[in-house]
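For the sequence shown, the positions run 860 to 976 when the numbering used here is used. These notes concern the structure reproduced below.
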Amino acid sequence: VQLQASGGGLVQAGGSLRLSCQASGTIFSINDMGWYRQAPGKERELVARITHSDSTIYTASVEGRFTISRDNAKKMVLLQMNSLKPDDTAVYYCYADVLSAIWGEYWGKGTQVTVSS
């Protein structure tokens with residue numbers, strides 16, 4: 860199972876980016892999918908998570924600005940990020956709880972998001 864993330868980049872404060880992450884390989888089912896981020900010198904933190912039934916949670920700092928969604932048929936999770944702030948600068952990692960041979964948690968390699976002031 861592999862997760863491929865894309866969509867990061869450099870944007871000015873107030874701008875928008877959309878991250879996408881697609882799972883591939885032998886996959887029978889996917890439960891939770893989501894995004895974490897890690898800024899320089901900080902611990903990795905959960906940004907948003909979405910369940911198979913589309914229940915979502917967000918970290919407080921992105922509530923109202925970020926929207927997570929998923930396309931189960933395409934095995935994709937998306938993160939629409941609006942009103943970006945310099946504090947959102949980080950490497951963003953997608954993850955998924957996947958049933959392959961067994962249940963396991965899989966991670967993408969990360970995509971850099973840089974927000975300039």
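All residues carry an ideal CB built from backbone N, CA and C; glycine is no exception.
- Counting the other Cβ atoms within 10 Å of the Cβ of glycine 900 gives fewer than 16, which makes it exposed.
- If the five residues before and after glutamine 871 are omitted, its C-beta is found closer than 6 angstroms to the C-beta atoms of Ser975, all from its own chain and listed in chain order.
- Approximately 7 angstroms separates the beta-carbon atoms of arginine 929 and leucine 937; this is inside 8 angstroms, confirming the contact.
- One alpha carbon belongs to glutamine 863, the other to threonine 970, and they sit about 9 angstroms apart.
- Bridge pairing for alanine 949: Val972 [DSSP].
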